[in-house]
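These protein sequences, in sequence, are chains S and A.
Everything in the first sequence is counted per this note's numbering, starting at 55 for the first residue and increasing by one.
Everything in the second sequence is counted per this note's numbering, starting at 55 for the first residue and increasing by one.
Virtual Cβ for every residue (Gly too), placed ideally from N, Cα, C.
Small disclaimer: the values here were computed from a predicted structure and weren't measured.
Structure first, then comments.
Protein chains: 2
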Amino acid sequence: MEFAEELGFLKEQVLFGEKIYAGKRFRNVAVAGMGGSGIVGKIFSEIYTEKPVTLIDGYNMPAHLSNDTLFIAVSYSGNTEETIKAAKRAVQKGCRVVTISSGGALEEYGDQKIRIPRSDLQPRSAIGYMLMPFMNGFGLVDSAGIREAHRVIGSLDRNNQECFTHAKRISRNKKIPVVYGAYPLSSVAYRWKTQFNENAKVLSYCSSFPELNHNDTMALAETYRKDEFYIMVFDSDRKEIKERIAITSRLTQTKFNFIEVEGKSLAARLFYMIHYGDYLSYHLGKMRGVNPTDVSLIEELKKAL
Amino acid sequence: MEFAEELGFLKEQVLFGEKIYAGKRFRNVAVAGMGGSGIVGKIFSEIYTEKPVTLIDGYNMPAHLSNDTLFIAVSYSGNTEETIKAAKRAVQKGCRVVTISSGGALEEYGDQKIRIPRSDLQPRSAIGYMLMPFMNGFGLVDSAGIREAHRVIGSLDRNNQECFTHAKRISRNKKIPVVYGAYPLSSVAYRWKTQFNENAKVLSYCSSFPELNHNDTMALAETYRKDEFYIMVFDSDRKEIKERIAITSRLTQTKFNFIEVEGKSLAARLFYMIHYGDYLSYHLGKMRGVNPTDVSLIEELKKAL
Chain S
55 MEFAEELGFL
65 KEQVLFGEKI
75 YAGKRFRNVA
85 VAGMGGSGIV
95 GKIFSEIYTE
105 KPVTLIDGYN
115 MPAHLSNDTL
125 FIAVSYSGNT
135 EETIKAAKRA
145 VQKGCRVVTI
155 SSGGALEEYG
165 DQKIRIPRSD
175 LQPRSAIGYM
185 LMPFMNGFGL
195 VDSAGIREAH
205 RVIGSLDRNN
215 QECFTHAKRI
225 SRNKKIPVVY
235 GAYPLSSVAY
245 RWKTQFNENA
255 KVLSYCSSFP
265 ELNHNDTMAL
275 AETYRKDEFY
285 IMVFDSDRKE
295 IKERIAITSR
305 LTQTKFNFIE
315 VEGKSLAARL
325 FYMIHYGDYL
335 SYHLGKMRGV
345 NPTDVSLIEE
355 LKKAL
Chain A
55 MEFAEELGFL
65 KEQVLFGEKI
75 YAGKRFRNVA
85 VAGMGGSGIV
95 GKIFSEIYTE
105 KPVTLIDGYN
115 MPAHLSNDTL
125 FIAVSYSGNT
135 EETIKAAKRA
145 VQKGCRVVTI
155 SSGGALEEYG
165 DQKIRIPRSD
175 LQPRSAIGYM
185 LMPFMNGFGL
195 VDSAGIREAH
205 RVIGSLDRNN
215 QECFTHAKRI
225 SRNKKIPVVY
235 GAYPLSSVAY
245 RWKTQFNENA
255 KVLSYCSSFP
265 ELNHNDTMAL
275 AETYRKDEFY
285 IMVFDSDRKE
295 IKERIAITSR
305 LTQTKFNFIE
315 VEGKSLAARL
325 FYMIHYGDYL
335 SYHLGKMRGV
345 NPTDVSLIEE
355 LKKAL
């Protein structure tokens with residue numbers, strides 16, 4: 055199956071109605087997940103702030119996990135080593151455990167098991183299936199938001215010429231993509247970085263306003279090799295961020311490639327930008343002559359461990 | 055004053071005895087801070103896991119702040135716009151507020167005000183003064199650890215030839231420094247990135263094992279421009295991470311430049327690696343003919359806002 059076709063299914067994924075049962079009985083949330091599955095925890099922790107959220111993306115487990123913790127383990131395959139270890143530990147600590155997977159050994163640990171209806175995708179192409187249970191369960195989206203998300207994703211499926219153009223400019227001069235986001239889309243900038251890595255097989259980096267103003271600014275003004283980076287900046291609807299972007303560009307004499315965000319609702323803006331980065335990195339991979347779906351080395355590494 | 059001389063003072067900073075009063079009455083911790091001050095929150099949130107920790111490094115405030123929250127605001131100058139706004143809001147939300155600064159408007163909001171004894175440093179050169187109140191207050195260091203940290207920092211002050219050598223290799227071929235860390239030093243990898251930005255004025259990036267195995271791996275194998283990056287990897291004392299590093303290097307045919315971590319205690323290892331990155335970036339700045347202490351553009355940007 056063509057990756058472009060797989061990408062198209064994201065539109066259907068926002069209709070996935072499963073929800074995490076997020077009652078009032080917990081005091082904090084922990085989300086475990088790696089790579090293309092872990093990204094949904096990073097997005098969730100940026101947009102949900104009603105309770106403290108702890109992310110687990112490695113071997114180290116927070117000491118504070120307890121029966122006050124709603125623990126959510128996300129692994130598309132359900133067989134990710136790090137995530138299974140974390141879920142096992144969470145059960146021992148008395149957490150309420152929710153699993154999100156297409157099956158796999160992970161489900162064994164879930165008090166609530168959310169089953170993704172397709173197991174034939176790349177984890178990174180199933181982001182909607184993994185993110186919607188958070189959005190639905192924690193009240194981060196309503197039906198109007200879902201409709202708008204569905205619509206803007208569809209419009210990008212019909213026309214992604216702009217993504218193609220950015221990819222062309224990157225590919226032509228073999229540039230390294232750099233992505234600057236800002237709240238509430240900082241984690242989406244990280245998603246783009248990982249998609250450039252996996253789909254296009256190029257090194258790529260991300261950062262966020264205003265934090266980057268405290269470090270990257272000096273480098274943008276005086277670094278060597280600046281022309282070898284292609285800096286994309288998510289346009290912001292927040293006045294203070296818009297100002298920072300404009301001043302940073304002017305003071306450091308850096309050309310920013312702006313990416314306009316479509317949609318009014320958080321869900322639409324979020325999914326539009328996710329999908330935009332998917333297409334951009336997909337086109338770049340194709341232009342480079344690599345196979346966007348191939349992640350054989352990551353599989354090989356898992357086996358070697 | 056020479057920056058190398060300023061760096062030397064880090065040895066004295068680990069003796070700074072102030073401590074955050076971290077009683078039992080709070081259920082979660084929030085730390086606000088940006089750039090060279092905010093880094094201490096990032097380090098703290100990686101090594102302290104007894105309670106959930108929320109980081110604030112922008113304009114957005116978590117909704118969950120309450121009188122259950124111990125709120126710590128860190129700004130070396132005490133005049134950072136984002137951090138003052140956050141502290142003000144924390145007071146309104148009923149948090150217990152601790153300020154760490156060398157003075158400034160921030161102190162007005164502190165129930166406990168920790169005053170750094172020197173106000174003539176660059177924020178990033180005062181990291182010990184800002185980090186020790188966390189280490190002392192949350193029981194993350196004992197007197198043996200402080201002695202060991204003091205000793206390993208001193209040994210690096212006497213001989214930082216190795217840092218010089220790495221800087222030379224980076225500078226000679228105008229390479230972009232990339233830093234790979236792992237728990238409990240992932241945040242120190244970020245510190246290195248920011249020090250390369252501010253001291254040496256070069257673009258620089260960081261990532262961490264095992265998360266990077268889920269994305270960077272494919273890029274390391276097939277990216278263009280790989281030879282233009284200088285990839286440094288913190289050696290780990292954890293078997294599973296050591297294995298991952300070795301396999302990643304082999305499968306992707308990538309040369310990693312290993313950085314040995316000195317010391318047995320967490321405090322020694324942490325401060326040794328912080329100091330190592332300080333010297334490395336300082337030497338690189340000098341070799342490039344830039345002034346390591348100059349951050350005029352960041353100041354100009356703050357004024358322009």
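- In its chain, beyond the 5 residues on either side, M88, G92 have a beta carbon closer than 6 Å to the beta carbon of A/D111.
- Taking 4 residues as the shortest admissible run, the stretch 259 to 318 of chain S contains the following complete alpha helix (DSSP H) segments, listed from N- to C-terminal end: 270 to 276, 293 to 306.
- Rounded to whole angstroms, S/A76 and S/F98 show a C-alpha spacing of 13 Å.
- A straight-line Cα-Cα distance of about 22 Å links S/D348 and S/R226.
- Assigned with DSSP and collapsed to three states, A/T137 falls in helix.
- Looking from the CA of S/S290, the closest CA among S/S262, S/Q307, S/L359 belongs to S/S262.
- Under the rule that a run must span 4 or more residues, the alpha helix (DSSP H) segments found entirely inside the stretch 167 to 213 of chain A read 181 to 191, 197 to 212.
- Annotated three-state conformation of S/R223 is helix, per DSSP.
- Not a single CB atom of chain A sits nearer than 7 Å to the CB of S/N133.
- The stretch 60 to 147 of chain A contains, as complete beta strand (DSSP E) runs of 3+ residues, the segments 82 to 86, 107 to 110, 123 to 128 (chain order).
- Neighbours of A/A76 in chain S, taken as residues at a C-beta separation under 8 Å, are lacking, since the least C-beta distance is about 14 Å.
- For S/T103, the residues of chain A that pass the 7 Å Cβ criterion are P116, A117, H118, in the order they occur in the chain.
- If you compare the alpha carbons of S/D332, S/V107, S/F125 with that of S/H220, the shortest gap goes to S/D332.
- Two segments are said to touch when three or more pairs of C-beta atoms, one from each, lie closer than 8 Å; by this definition the stretch 271 to 285 of chain A does not touch the stretch 136 to 153 of chain A.
- The Cβ-Cβ distance between S/I154 and S/V128 falls below 7 Å.
- In the displayed model, S/G235 falls within a strand according to three-state DSSP.
- Within the stretch 280 to 293 of chain S, those residues whose Cβ lies closer than 9 Å to any Cβ of chain A are, in chain order, K280, E282, F283, R292.
- Taking all protein chains in view, the Cβ of A/D270 is crowded by 16 or more other Cβ atoms within 10 Å, so the residue is classified as buried.
- Separation of S/T123 and S/R150 (C-alpha to C-alpha, rounded to the nearest whole angstrom) is 7 Å.
- By the Cβ rule, the stretch 205 to 221 of chain S does not count as touching the stretch 237 to 248 of chain A, because fewer than three pairs are nearer than 8 Å.
- Residue contact with chain S for A/D111: present (Cβ-Cβ distance below 7 Å to some residue of chain S).
- Taking a Cβ-Cβ threshold of 7 Å, the residues of chain S close to A/K228 are Y278, R279, in chain order.
- Neighbourhood of A/G90 in chain S, by CB distance below 9 Å: H268, N269, in chain order.
- With at least 16 other beta carbons inside 10 angstroms of its own, A/K105 counts as buried.
- Residues of the same chain with a CB within less than 8 Å of the CB of A/K142, apart from the 5 flanking positions on each side, are Y163 in chain order.
- For the pair S/E354 and A/R169, the Cα-to-Cα distance works out to about 52 Å.
- The shortest C-alpha to C-alpha distance from A/P264 to any of S/Q146, S/N82, S/N114, S/G62 is the one to S/N114.
- Going by C-alpha positions, S/N213 is about 45 Å away from A/A144.
- The residues G87, V128, I181, M184, L185, F188, in chain order, have a CB closer than 7 Å to that of A/V94 in the same chain once the five nearest residues on each side in sequence are set aside.
- With contacts defined by Cβ atoms closer than 7 Å, A/T103 and S/A117 form a contacting pair.
- Residues F57, N253, Y336, G339 of the same chain have their beta carbon placed closer than 6 Å to that of S/P346, with the five preceding and five following residues left out of the count.
- S/T347: not part of any beta strand (DSSP E); DSSP gives it neither H nor E.
- In terms of CA proximity to A/I352, S/L274 leads the group S/G193, S/F312, S/Y130, S/L274.
- Excluding residues up to 5 positions away in sequence, K65, V68, L69 lie with their Cβ nearer than 8 Å to the Cβ of S/H204 in the same chain.
- By a beta-carbon distance limit of 8 Å, A/P177 contacts A/Y130. Their separation comes to about 4 Å.
- Per the coordinates, the alpha-carbon of S/T302 lies some 10 Å from the alpha-carbon of S/L266.
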